[in-house]
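Top line first, the protein sequences correspond to chains A and B. Under UniProt numbering, think of the first position of the first sequence as 1, with each following residue one higher. Under UniProt numbering, think of the first position of the second sequence as 1, with each following residue one higher. Here's the structure we're looking at; comments come further down.
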Amino acid sequence: MADLSATTTLASGRALPLGIVLPAIVVGFYVLAAVIGPILLGFDPVATSLADRLKPPMTALANGSLSLLGTDAVGRDLLAQMLAGARISLAVGAATLVLASLIGVALGVVAGYWGGAVDTVVMRIADIQLGFPSILLAVLVAAVIGPSLTNVILVLAVTRWVVFARVARAQTLTIKSRTFVDASRTLGATDAHIIINCILPALVAPILVVATVQFGLVIVAEASLSFLGLGLPVGIPTWGGTISAGRSYLANAWWISTMPGIALSILVICVGILGDTLRDRLDPNLVTR
Amino acid sequence: MNHVSRDIFRRTIRGLALAAALAMPSVALAQSADVLRIANPVAVTSLDSFGAQSADQPTISVMQQVLEPLVIRKDGQLQPLLAASWENPDELTWRFHLNEGITFADGSPLTSADVKASLQRLIDGKGPLSGLWGAVEAIETPDDLTVDIKTNTRLGTVLSNLSMLGIAPAAALEDPNFFNAPFGTGPYRVAEFTPSQFVALERNPEYRGEPAPTARLEYRYIPEVSGRITALENNEIDVTWGLPPDQVAQVRDSQSLTVESFPTFGNYYMWYNSSREPFTDVRVRQAMWHAIDMEEIKTFLFDGTAEVAKGPIPQDIFGAAEQTPYAYDPEKARQLLAEAGYPNGFTTTMMWSSMCCTNIREFAETLISYWAAVGIQVTPQELERATWLENLLALNWDSTLAEGNTITGDADFTLARLYLSTANRMGYANPELDELLLAARAEIDQDKRAELYAEAGKIIWDDAVGIFPLDMMMHAVYRNEVTGFVPTPTGMPRFDTVSKQ
Numbered sequence: 001m002a003d004l005s006a007t008t009t010l011a012s013g014r015a016l017p018l019g020i021v022l023p024a025i026v027v028g029f030y031v032l033a034a035v036i037g038p039i040l041l042g043f044d045p046v047a048t049s050l051a052d053r054l055k056p057p058m059t060a061l062a063n064g065s066l067s068l069l070g071t072d073a074v075g076r077d078l079l080a081q082m083l084a085g086a087r088i089s090l091a092v093g094a095a096t097l098v099l100a101s102l103i104g105v106a107l108g109v110v111a112g113y114w115g116g117a118v119d120t121v122v123m124r125i126a127d128i129q130l131g132f133p134s135i136l137l138a139v140l141v142a143a144v145i146g147p148s149l150t151n152v153i154l155v156l157a158v159t160r161w162v163v164f165a166r167v168a169r170a171q172t173l174t175i176k177s178r179t180f181v182d183a184s185r186t187l188g189a190t191d192a193h194i195i196i197n198c199i200l201p202a203l204v205a206p207i208l209v210v211a212t213v214q215f216g217l218v219i220v221a222e223a224s225l226s227f228l229g230l231g232l233p234v235g236i237p238t239w240g241g242t243i244s245a246g247r248s249y250l251a252n253a254w255w256i257s258t259m260p261g262i263a264l265s266i267l268v269i270c271v272g273i274l275g276d277t278l279r280d281r282l283d284p285n286l287v288t289r
Numbered sequence: 001m002n003h004v005s006r007d008i009f010r011r012t013i014r015g016l017a018l019a020a021a022l023a024m025p026s027v028a029l030a031q032s033a034d035v036l037r038i039a040n041p042v043a044v045t046s047l048d049s050f051g052a053q054s055a056d057q058p059t060i061s062v063m064q065q066v067l068e069p070l071v072i073r074k075d076g077q078l079q080p081l082l083a084a085s086w087e088n089p090d091e092l093t094w095r096f097h098l099n100e101g102i103t104f105a106d107g108s109p110l111t112s113a114d115v116k117a118s119l120q121r122l123i124d125g126k127g128p129l130s131g132l133w134g135a136v137e138a139i140e141t142p143d144d145l146t147v148d149i150k151t152n153t154r155l156g157t158v159l160s161n162l163s164m165l166g167i168a169p170a171a172a173l174e175d176p177n178f179f180n181a182p183f184g185t186g187p188y189r190v191a192e193f194t195p196s197q198f199v200a201l202e203r204n205p206e207y208r209g210e211p212a213p214t215a216r217l218e219y220r221y222i223p224e225v226s227g228r229i230t231a232l233e234n235n236e237i238d239v240t241w242g243l244p245p246d247q248v249a250q251v252r253d254s255q256s257l258t259v260e261s262f263p264t265f266g267n268y269y270m271w272y273n274s275s276r277e278p279f280t281d282v283r284v285r286q287a288m289w290h291a292i293d294m295e296e297i298k299t300f301l302f303d304g305t306a307e308v309a310k311g312p313i314p315q316d317i318f319g320a321a322e323q324t325p326y327a328y329d330p331e332k333a334r335q336l337l338a339e340a341g342y343p344n345g346f347t348t349t350m351m352w353s354s355m356c357c358t359n360i361r362e363f364a365e366t367l368i369s370y371w372a373a374v375g376i377q378v379t380p381q382e383l384e385r386a387t388w389l390e391n392l393l394a395l396n397w398d399s400t401l402a403e404g405n406t407i408t409g410d411a412d413f414t415l416a417r418l419y420l421s422t423a424n425r426m427g428y429a430n431p432e433l434d435e436l437l438l439a440a441r442a443e444i445d446q447d448k449r450a451e452l453y454a455e456a457g458k459i460i461w462d463d464a465v466g467i468f469p470l471d472m473m474m475h476a477v478y479r480n481e482v483t484g485f486v487p488t489p490t491g492m493p494r495f496d497t498v499s500k501q
């Protein structure tokens, strides 16, 4: 997601602050690990090895390989499992955000641009949904439709579109009354033309910021669902699933829950800082203050 | 730092606090030697041992100290308890003579009417145990101390069935609030009950025998294993049970705790849906069994705290017999698969109920790994219990892994309840097996009955209706000051002999 490409295009002449560079490097590293990690260190959920179960980090396994982060309760290498999990977690995060932002932006722009009854209906639905804790809603929907990759993405997108819709609507409201929009309209531009050429470009930056902030939350939400057994099916490695599986071994095999927990925390913190810094730089209200 | 990241932080902190609050047991600070603090691993949702919960271990483990049966199973033998003696005036009648002078905790005397009302309520309750009494035609009470159970066919399981029927006072059974604080003739009566959270028992003042050594038993539900162990080590509870093998090893090292491991009537089983391809072929079913190295699973996954099964029910159960083991032989598995027409294996699914049993996910993943080695791809389906049960009963599955418990200690409970073709629980139908099981149920001569079950067990085992991997041991852990704990093979510990120094 919003890593290197975001930082370079948004540099706009000013020196890049550490708040962008550092987390961007870390996030980039995660993406890299998720993409090439599983190729280098394959994870086969079916390849269990009971003799190697619950081995601490830095243990040589029965097949001669070294387990850097230890093994889980059925003797599978934790590092390989986490790399495979990173791929799933990042993919779920990215897919959810794309879906949620598409729905949210579409509804938000429609509501903000035309206003009236559409606006009232869409934004009241959004308000009602915001009244529920999003994880509660996710748990409810997930329990009803059952565990699968697509379902998890759908469930999380349903809980996230509201944020995008609100930002898109607010931005649309300000932009549509600006003089250049009025000018286009006077020249006979259609609504579609105005939305595509005037409004959507102005939405890119704020939506990107929201997306970075939401990214961390979505990954945590996916982990929570997997932790509760409502996420992805057993056999598909995810961080949340691994953390959950290690719960009953906390006292005698701390690494199972701890390692993916640390990985998850670092990623979420970095994405959060990145989103924060981007927000500071891009938010016109803050800049002019 | 602005409000967005602070918001994330706040949410994270709130989440952690919530998680911590959920994990922490609410522990009262009662420290007296007169109170035994027990942490049960599964929530006690109801104390009504006559209805839907009549076979539910948490419910029975509490109620067995409150309500007493006519006969009780001790050291594998059925012995009189409330009944003094029994006889069969004819083949369709069981006559029980009650002991004189037994009173309930409210002072009223135990009569045959109470026995009749209790049995009737169990049958009418349509719970999991009511099926055991399907042959009962009438319950008669010729006098205050005599009960006749009349059946329409011969019923050989009356005694073991009765060992599961705690007798409650007839008058109280009509009171809908009775099961909030039930009482009977047992050493304890219920003092306090909050469903799913807390049960307190206090000594029954009217108890005829020697009073229980501890005045008050307090059951608290602590779901997380780690939470229970911590509570034990911090002297917040005195005893718990149902620990997974990996945690047992850790607790054994503790200076202040004692671990007791003992065999139970419980075993793991994996059923094939024999009405579905390819499990209609016995060779496929046997092949999957030969593909698994049980010894290795026992040694590493269960840390040696289980036994490789020798029959479809554990050996301590009445009617169990030793069968020929299935050797770990992947070559033979492949050969059987090839003979059955699946030289390259096949794809199937296995479902189980999440958190249902010891190490179940690890166990399932290990089995799947063994099957993958002979070419059988099994997709795991971990389901929430309600969904699992619904699928199970609708036969909407390929194979399933679960733990069973023959709580009556009598083969009939498991074999005839589940494997009769009329029960239709796993799509397996075998007229020869049906005949054996029905004959065993109708046999009043208990030795003959045991022989018939041994034959039935052999068919189930050799036909590989399912895979019977391991007989489970139970691990109870208590603080060193607790004495008098007696292991119970039912997997439901009693505390009426336990005291604290």
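Where a beta carbon is used, it is the ideal one built from N, C-alpha and C, also for glycine.
query = For residue 55(B) versus residue 128(B), is the C-beta spacing smaller than 8 angstroms?
reply = yes
task = Assess, as a yes-or-no matter, whether the stretch 299-314 of chain B is touched by the stretch 256-268 of chain B under the definition of 3 or more beta carbon pairs within less than 8 angstroms.
result = When C-beta atoms of the stretch 256-268 of chain B are compared with those of the stretch 299-314 of chain B, three or more pairs fall below 8 angstroms, so the two segments count as touching.
message = For the stretch 219-251 of chain A, list every residue whose C-beta sits within 9 angstroms of some C-beta in chain B, in sequence order.
response = 220, 224, 229, 230, 233, 234, 235, 245, 247, 248, 249, 250 and 251
inquiry  = Using a Cβ-Cβ distance cut-off of 8 angstroms, determine whether residue 376(B) contacts chain A.
reply    = no
ask   = Taking the beta strand (DSSP E) that residue 351(B) falls in, what are its first and last residues?
value = 347-353
query = How big is the Cα-Cα spacing for residue 176(B) and residue 456(B)?
reply = 42 angstroms
At least three beta-carbon pairs within less than 8 angstroms, the stretch 96-115 of chain B to the stretch 221-240 of chain B = no
query = When the Cα of residue 169(A) is compared with those of 205(A), 180(A) and 110(A), which residue comes out closest?
reply = 110(A)
Top-ranked residue by Cα proximity to residue 290(B), from 374(B), 68(B) and 349(B) = 374(B)
inquiry  = Quick check: the Cα distance between residue 443(B) and residue 233(A), rounded to an integer number of angstroms?
reply    = If I take the Cα positions, the gap works out to 47 angstroms.
ask   = Any idea if residue 46(B) is buried or exposed, counting beta-carbon neighbours within 10 angstroms, 16 or more meaning buried?
value = Its Cβ being crowded by 16 or more others within 10 Å, residue 46(B) is buried.
query = Quick one, which residues of the stretch 112-130 of chain B are near chain A if we go by CB-CB under 8 angstroms, in chain order?
reply = none
ask   = Taking C-beta to C-beta, are residue 115(B) and residue 478(B) nearer than 8 angstroms?
value = no
task = With 8 angstroms as the threshold, decide whether the Cβ of residue 169(A) is near any Cβ in chain B.
result = no
Spatial neighbours of residue 140(B) in its chain, beta-carbon cut-off 7 angstroms, leaving aside the 5 residues before and after = 148 and 150
Cutoff 8 angstroms: residue 92(A) Cβ touching any chain B Cβ = no
ask   = Among residues of its own chain, excluding the 5 on either side of residue 9(A), which ones have a beta-carbon nearer than 8 angstroms to its beta-carbon?
value = Bear in mind that a pLDDT of 47 at residue 9(A), under 50, signals an unreliable position, so the number given afterwards is only what the model happens to contain. Around residue 9(A): no qualifying Cβ.
key: Proximity winner among 214(B), 283(B), 258(B) and 172(B), relative to residue 232(B) (alpha-carbon distances)   = For the residues 214(B), 283(B), 258(B) and 172(B), the minimum Cα distance to residue 232(B) belongs to 258(B).
Beta-carbon contacts of residue 84(A) that lie in its chain and below 6 angstroms, excluding the five residues immediately before and after = Excluding residues within five positions, the ones whose Cβ falls inside 6 angstroms are 38, 43 and 237.
request  = Determine the contact status of residue 187(B) and residue 496(B), defining contact as a CB-CB distance below 8 angstroms.
outcome  = yes
inquiry  = Please state whether the Cβ-Cβ distance between residue 274(B) and residue 419(B) is less than 8 angstroms.
reply    = no
Cβ-based burial, residue 188(A) [other Cβ within 10 Å; buried from 16] = exposed
query = Apart from the five residues just before and just after residue 68(B), which ones in its own chain have a Cβ nearer than 7 angstroms to its Cβ?
reply = 81, 82, 166, 167, 184, 185 and 186
message = Output needed in chain order: residues of the stretch 30-54 of chain A with a Cβ under 8 angstroms from some Cβ in chain B.
response = 45, 46, 47, 48, 50, 51, 53 and 54
ask   = By Cβ distance below 7 angstroms, which residues in the same chain neighbour residue 229(B) in space, the five residues on each side in sequence not counted?
value = Contacts found: 247 and 251.
inquiry  = My output table needs one value for residue 177(A): the three-state DSSP class, helix, strand or coil.
reply    = In the structure shown, residue 177(A) falls within a coil segment according to DSSP collapsed to helix, strand and coil.
task = For the stretch 63-76 of chain A, enumerate the residues whose C-beta is nearer than 9 angstroms to any C-beta of chain B, in chain order.
result = 72, 73, 74, 75 and 76
key: chain A contact residues for residue 250(B), given Cβ-Cβ distances below 8 angstroms   = Correct list: 251 and 252.
Residues that residue 225(B) contacts on chain A, provided the C-beta gap is smaller than 7 angstroms = Neighbours of residue 225(B) on chain A, chain order: 248.
ask   = Does the beta carbon of residue 256(B) sit closer than 8 angstroms to a beta carbon anywhere in chain A?
value = So, not an interface residue.
ask   = Between the stretch 466-485 of chain B and the stretch 435-455 of chain B, are three or more C-beta pairs nearer than 8 angstroms?
value = no
ask   = Would DSSP call residue 298(B) helix, strand or coil?
value = helix
query = Is there at least one Cβ from chain A nearer than 8 angstroms to residue 325(B)'s Cβ?
reply = no
ask   = DSSP on residue 221(B), reduced to helix/strand/coil?
value = strand
key: Beta-carbon contacts of residue 256(A) that lie in its chain and below 6 angstroms, excluding the five residues immediately before and after   = 72, 246 and 249
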